[in-house]
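A.B. asks: Chains as they are written, first to last, in my numbering: chain A, 1 to 669; chain B, 670 to 1338.
Glycine included, each C-beta is placed from N, C-alpha and C at the ideal position.
2 protein chains.
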Amino acid sequence: MSPKITTELLKQLRQVMKSPKYVQEPVQAYIVPSGDAHQSEYIAPCDCRRAFISGFDGSAGTAIITEQHAAMWTDGRYFLQAANQMDNNWTLMKMGLKDTPTQEDWLVSVLPEGSKVGVDPFIIPADQWKRMSKVLRSAGHDLVPIKENLIDTIWTDCPQRPCKPLITLDLNYTGVSWRDKIVALRSKMAERKVLWFVVTALDEVAWLFNLRGSDVEYNPVFFAYAVIGMNTIRLFIDGDRMTDPAVREHLQLDSTLEPEFKIQVMPYGSILTELQAVGASLSPKEKVWLSDKASYALTEAVPKAYQYLTPYTPICIAKAVKNASETEGMRRAHVKDAVALCELFNWLEKEVPKGTVTEITAADKAEEFRSQQKDFVELSFATISSTGPNGAIIHYKPVPETNRTLSVNEIYLLDSGAQYKDGTTDVTRTMHFGTPSAYEKECFTYVLKGHIAVSAAIFPNGTKGHLLDSFARSALWDCGLDYLHGTGHGVGSFLNVHEGPCGISYKTFADEPLEAGMIVSDEPGYYEDGSFGIRIENVVLVIPAETKYNFKNRGSLTFEPLTLVPIQTKMIDVSLLTQKELNWVNDYHQKCREVIGAELERQGRLEALQWLIRETEPLIRVLIYFFSVCFSWVVSVFISAGKRKKKKRKGKQVSVRFRFSFCMCHPQK
Amino acid sequence: MSPKITTELLKQLRQVMKSPKYVQEPVQAYIVPSGDAHQSEYIAPCDCRRAFISGFDGSAGTAIITEQHAAMWTDGRYFLQAANQMDNNWTLMKMGLKDTPTQEDWLVSVLPEGSKVGVDPFIIPADQWKRMSKVLRSAGHDLVPIKENLIDTIWTDCPQRPCKPLITLDLNYTGVSWRDKIVALRSKMAERKVLWFVVTALDEVAWLFNLRGSDVEYNPVFFAYAVIGMNTIRLFIDGDRMTDPAVREHLQLDSTLEPEFKIQVMPYGSILTELQAVGASLSPKEKVWLSDKASYALTEAVPKAYQYLTPYTPICIAKAVKNASETEGMRRAHVKDAVALCELFNWLEKEVPKGTVTEITAADKAEEFRSQQKDFVELSFATISSTGPNGAIIHYKPVPETNRTLSVNEIYLLDSGAQYKDGTTDVTRTMHFGTPSAYEKECFTYVLKGHIAVSAAIFPNGTKGHLLDSFARSALWDCGLDYLHGTGHGVGSFLNVHEGPCGISYKTFADEPLEAGMIVSDEPGYYEDGSFGIRIENVVLVIPAETKYNFKNRGSLTFEPLTLVPIQTKMIDVSLLTQKELNWVNDYHQKCREVIGAELERQGRLEALQWLIRETEPLIRVLIYFFSVCFSWVVSVFISAGKRKKKKRKGKQVSVRFRFSFCMCHPQK
């Protein structure tokens, strides 16, 4: 992949940074954050401003352009990708490494005295504004909001903002009606004594109204805001979407409703003025609740004294704990997803040796198999289909320039998922279609041990996910290996594949405690730059655990894998597994065989079924097995030696040997 | 222990809260934090205001008194103690439990509209002021500084502030002269472009000047502040302490020095006005560096634009990484400490069955043995000597009312340590002088597994201690057990037994990454209210680790125990240990035997040496050993049966059996 040449663009941007047409006073630096006005992680093409200016199109990164420099901050998932996509105008700032300066510190170190730093106030979250603004101010600089987005002024062929039709979800999928969600929200508002709640995150709007859209690729959301009062509901949304009879019916727009459930539909662009009007109408002690990650523009629309900001909104927290209908939907989605992957891996096993499969065709084939499943909507993120050295680019997406042919000599990593109407999936499997090296197996097995350590962890109610992160790394650490990304993220229910407020990460973020019903991913990995990448990812459901002493009735939790796709046993060095880990793999494969086997059979996919059965054969310890057989043979020789005169039948020996080898292989059974 | 009756005191306090003599306007709430003007954890008697008003004298806790309520926030270590020491006027707020409100939220929920909340600005840290003030303001209340401490106004017999002689430490102990420390500090100041640095923590003043004091029990510190400029050094300290010739010589007060190393000695009480003068003299861009935990009063003395606040000061970070002289000192101190404890445990083993030893006499005996060691100064904290149910009170200190006699029927927990001129110790051992129950052994073994998991952990350079906390809990969690305190804290070098900026805790605090040379404690526990307490604590040194792949030259770390006191094997259920854990215990005991044995012998403490040798016998797996003996016996019977005719000697069988049992006991050897 060749980097984007940005010399001319940066020149233009530096001109508008000084142009009185766009800025009151020249700005010496301009910040281009990753997100959109809703602080989304995945964004519509019209919002990909950071990618436009830099060439780097990973899902996380912030660009800062000064008169002399252009710098890009991104995290470990994207170090290689960003380095490949950006030209020499750019400096890569590797977040998470000890010596990398923060954006604020870097600005202070490079800016001339008394500089102005510009940013679009709709794109920067309020908490980030506050942090940056404070540091800059204390160094004698100023962070200033620039109304017109400066990237947009130089982006001549910027695409239109999408406005696609909506999907309504009934109770079978959501478990709770939008009216009941509003009631629950208002009760949380009453608890905190706030009068208004502003819904700014797109997935929160979608979840609240039991609607889905397709404005942003992979994320079934639509551009909208909502402002919920104790007696009013305002939905800010554009286009003809509200003329769809199904949507009108779903939202009861034409019914006679109690006034507090009557939805007022307003233009998307009117949110700022409407919110300013709300702000202006407040009396002392009346509060407006916003996420502290809402945009600086919307947050500032409410006078400071009336703001009630929290890191997570009550919708975010409610959405994370899946109800029975959502959990069942997620289970169904994962069964269908596993069927598709069994088909894929069976196909790859036959096709890869022919040398005709590339990363792109493999990804396409995965999508093809998924799209054959009921209620398939779209993929849940860009498929990471990577072989050999490409596997080490953590969030790699194959493009023609980098597309590699799968072979029997290289590791293949597939991280993919889909949106089904009943749930969202996200699964990574790492396969070898030839003979993996001892080192590759060793690394794979450490990653697997980490995966199992999290998946099988038991922990008290109230534990935050970040406390489990090191379990995933311990086996790698013991040998001096590690991976530069978190271990897990929340997963939406037919919603964003990444969602808060829970996760499993070494980064100390304000995650909410794990609760039964939450769904997260468990995805440790290991990456050898220039050689290969390994990741094993399941989506897991938080469930109550049974323990001997049950934390004095505080209760305990563990995980149940929803993903049921075999983990390639060929890649496992069994001698590195403990008996408990070996049992976990065998139990997991047994469940895959039962649940996915039944569905493959029902769908008549018999070849994939054969593949599944082969791939889920129980593991045994070769060495112990070997010794146990030898040992029992020695014993049987002595038995026969001692009892030869009694002329016993040979059958007796066989039965002794079998019983004995069974004991040695399953000491914990 | 009977609670302190506080009805009259609270009445008086509520009166002064409204008295125009002390407050400009009446305050509806008054906050009594734990610390002193230096935000010390351990404080002088004259600063024990929270204990005076409430009766609760644990090391951590904040009292808030309103017109109607009196509430006390403390953490899991002190729930039982606080409940026992406070009368019914007080509500205990258990920090760390899910439903416990923060102090701010609680204030908002109980205060009448537009209330004023008072606090001594010298006692409240600036960061806490900021947080509380913000929440209170947003709820329509005000946090106001009250110059005169209101507790002091009703505390008629308040003790004098101590002012004891100083100890000077030479290079053999400190490794670095105070001049070189000042040079290093100024280079850090230059790096951050600050002109002034204010030293507010007592241990930081002591460390910087290589001086020690005894103003605060257990903490070898003295009341002082320092303000370091690029060319000036000001030390704020009271009394005749600067007339001591040794101190004058050490600080070179009477020598002709380069002006930038000339120390100006000023009265302790003049810090505020001097700092205000510094603040007033600053030009734009000139900064004053303070800890964000410095008092609100001192922080506010510097105009906001000139403040440079960080969670940890450069002194705090430099102090945490011990140099070779300090590490060697710590090793020596721990050898002496172990000698004292071997003597103690040997003595207890003989005396406890007689029924003559109480928690207090045991603690006294421990102090007696320690005081016999070279360079002993004092204890490093109040000895926690607790048996039976008292052991469940995590930071219990025996007093006559609660004093229990040690017996052969109850678990005994001793958490103790000392200050030696060459180092600080802190060790916990849990013993049974009779026969522990299976349940007690089970719990002890889980705690031991956690202790080993941390002590033997290998992790990459740059890892923060809080990421290791769950390792200590995993074995307990698996069975539904846990403990409500962190796993480890930084330990000073002949300084405070608790120090930042590193630690091992589930609480997400901004700890600095662990570095080779840092010293922390490793102390998981388990507490059964009303029955027993278990804790196993070593002080451990962070050292480089050798790993197979060494994190691509990022390097890796692990711990080396400095504490070398046997862990009672009688309490261990060997069947619950993995082979790796068993080897750890045996290797640890081997080292105790070698290092402490040699010192016991050198000191002629031969009875304690015998005890040490007995207590450090290697563990073996009884069950496996038993089976292996049986098995080899069976094999030998067959051998003899098969070969009886050849009339071999019996010696052959014996050698087979021994070789076999060795293999089974040491499969990893």
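Across which residues does DSSP place Ile237(A) in a beta bridge pair?
C.D. replies: According to DSSP, Ile237(A) bridges with Ala224(A).
A.B. asks: Looking only at its chain, what residues have a beta carbon closer than 6 Å to the beta carbon of Lys397(A), apart from the 5 residues adjacent to it on each side?
C.D. replies: If we look at Lys397(A) and ignore the five residues flanking it on each side, its Cβ neighbours are Ala382.
A.B. asks: Counting pairs of beta carbons, one from the segment 75 to 88 of chain A and one from the segment 179 to 198 of chain A, are three or more of them closer than 8 Å?
C.D. replies: Result no; under three Cβ-Cβ pairs closer than 8 Å.
A.B. asks: Is it buried or exposed for Lys1317(B), if we count other Cβ within 10 angstroms and need 16 for buried?
C.D. replies: Confidence is the limiting factor: at Lys1317(B) the pLDDT is only 47, short of 50, which leaves the residue's position unreliable, though a coordinate-based value still follows. By the 10 Å Cβ count, Lys1317(B) comes out exposed.
A.B. asks: Given a cut-off of 9 Å on the beta-carbon distance, is the pair Thr675(B) and Ser709(B) in contact?
C.D. replies: The answer is no: Cβ separation not under 9 Å.
A.B. asks: In the DSSP assignment, the alpha helix (DSSP H) including Asn1015(B) goes from what residue to what residue?
C.D. replies: First-last of the alpha helix (DSSP H) with Asn1015(B): 993 to 1020.
A.B. asks: In this structure, does DSSP put Pro1230(B) in helix, strand or coil?
C.D. replies: Correct three-state label for Pro1230(B): strand.
A.B. asks: Could you give the uninterrupted runs of the alpha helix (DSSP H) lying entirely in the segment 439 to 505 of chain A, keeping only those of 4 residues or more?
C.D. replies: The qualifying runs are 469 to 478.
A.B. asks: Which of the three DSSP states is assigned to Gln12(A) in this structure?
C.D. replies: Three-state DSSP puts Gln12(A) in a helix.
A.B. asks: Would Ile734(B) pass as a contact of Arg683(B) if the rule is Cβ separation under 9 Å?
C.D. replies: Yes, the pair counts as a contact, with Cβ atoms nearer than the cut-off.
A.B. asks: Using only the alpha-carbon positions, how far apart do Asp907(B) and Tyr937(B) sit?
C.D. replies: So the alpha carbons of these two residues sit roughly 5 Å apart.
A.B. asks: Looking only at its own chain, which residues have a Cβ that is under 7 Å from the Cβ of Glu601(A), when we skip the five neighbours before and after it?
C.D. replies: So the qualifying residues of the chain are Leu609.
A.B. asks: Terminal residues of the continuous beta strand (DSSP E) containing Leu195(A)?
C.D. replies: Per DSSP, Leu195(A) belongs to no beta strand (DSSP E) and is neither H nor E.
A.B. asks: Rounded to a whole number of angstroms, what is the C-alpha to C-alpha distance between Ala1061(B) and Tyr1089(B)?
C.D. replies: If I take the Cα positions, the gap works out to 29 Å.
A.B. asks: Would you say Phe444(A) faces chain B, with C-beta separation under 9 Å as the test?
C.D. replies: By this cut-off, Phe444(A) is not an interface position.
A.B. asks: Going by DSSP, what residues sit across from Arg212(A) in a beta bridge?
C.D. replies: Arg212(A) is bridged to Ile167(A).
A.B. asks: Quick one: is Asn1252(B) near chain A, going by C-beta distance under 9 Å?
C.D. replies: No, because no Cβ of chain A sits closer than 9 Å to the Cβ of Asn1252(B).
A.B. asks: Would you say Ile458(A) reaches chain B, if we count a Cβ-Cβ gap shorter than 9 Å as a contact?
C.D. replies: Judged by the 9 Å Cβ criterion, Ile458(A) is in contact with chain B.
A.B. asks: Please list the terminal residues of the continuous alpha helix (DSSP H) segment that includes Tyr1257(B).
C.D. replies: Looking at the DSSP string, the run of the alpha helix (DSSP H) that includes Tyr1257(B) is 1248 to 1271.
A.B. asks: When you check each C-beta in the segment 831 to 859 of chain B against every C-beta of chain A, which residues fall closer than 9 Å?
C.D. replies: The residues in question: there are none.
A.B. asks: Answer with yes or no whether the minimum CB distance from Ser960(B) to chain A is below 9 Å.
C.D. replies: No, Ser960(B) does not count as interfacial toward chain A.
A.B. asks: Whole angstroms is fine: what's the gap from Arg50(A)'s alpha carbon to Ser2(A)'s?
C.D. replies: Straight-line Cα distance between these residues: approximately 17 Å.
A.B. asks: Is the shortest distance between the beta-carbon of Lys785(B) and the beta-carbons of chain E less than 9 Å?
C.D. replies: Within the model displayed, chain E is absent; protein chains A and B are what it includes.
A.B. asks: Just the chain B side, please: which residues come within less than 9 Å of Asp587(A) by C-beta, in chain order?
C.D. replies: Chain B residues near Asp587(A): none, gap ~17 Å exceeds 9 Å.
A.B. asks: Using a Cβ-Cβ cutoff of 9 Å, what residues of the segment 131 to 142 of chain A are near chain B? List them in chain order.
C.D. replies: Residues Arg137, Ser138, Ala139, Gly140.
A.B. asks: Hey, does Lys285(A) have any beta-carbon neighbour from chain B nearer than 9 Å?
C.D. replies: True, the Cβ-Cβ gap to chain B drops below 9 Å.
A.B. asks: Going by C-alpha to C-alpha distance, which of Pro259(A), Leu253(A), Thr256(A), Val302(A) sits closest to Ala277(A)?
C.D. replies: Selected option, being the one with the closest Cα: Val302(A).
A.B. asks: On the DSSP letters alone, give me the boundaries of the alpha helix (DSSP H) that Met230(A) sits inside.
C.D. replies: Here Met230(A) belongs to no alpha helix (DSSP H), and DSSP marks it neither H nor E.
A.B. asks: May I have the straight-line CA-CA distance separating Ala1002(B) from Lys1043(B), to the nearest angstrom?
C.D. replies: Near 9 Å, if we compare the C-alpha coordinates of Lys1043(B) and Ala1002(B).
A.B. asks: Judging by CA-CA distance, which residue of His69(A), Leu298(A), Cys342(A) is the nearest neighbour of Asp36(A)?
C.D. replies: Looking at the Cα atoms, Leu298(A) is the closest of the given residues.
A.B. asks: Would you call the segment 454 to 461 of chain A and the segment 125 to 140 of chain A touching, i.e. three or more CB-CB distances under 8 Å?
C.D. replies: Touching, no.
A.B. asks: Terminal residues of the continuous beta strand (DSSP E) containing Trp289(A)?
C.D. replies: First-last of the beta strand (DSSP E) with Trp289(A): 288 to 291.
A.B. asks: Within a Cβ cutoff of 6 Å, which residues of the same chain sit near Leu468(A), ignoring the five residues on either side of it in sequence?
C.D. replies: Result list for Leu468(A): Val454, Ala457, Ile504, in chain order.
A.B. asks: If contact is defined by three or more beta carbon pairs under 8 Å, each pair taking one atom from either stretch, is the segment 981 to 993 of chain B in contact with the segment 1182 to 1190 of chain B?
C.D. replies: With the cut-off at 8 Å, the segment 1182 to 1190 of chain B and the segment 981 to 993 of chain B touch.
A.B. asks: What are the boundary residues of the beta strand (DSSP E) that Phe532(A) is part of?
C.D. replies: Segment 532 to 535, the beta strand (DSSP E) holding Phe532(A).
A.B. asks: Are there 16 or more other CB atoms within 10 angstroms of the CB of Glu678(A), so buried, or fewer, so exposed?
C.D. replies: The structure shown does not extend to residue 678(A), since chain A is modelled only from 1 to 669, so the question has no answer here.
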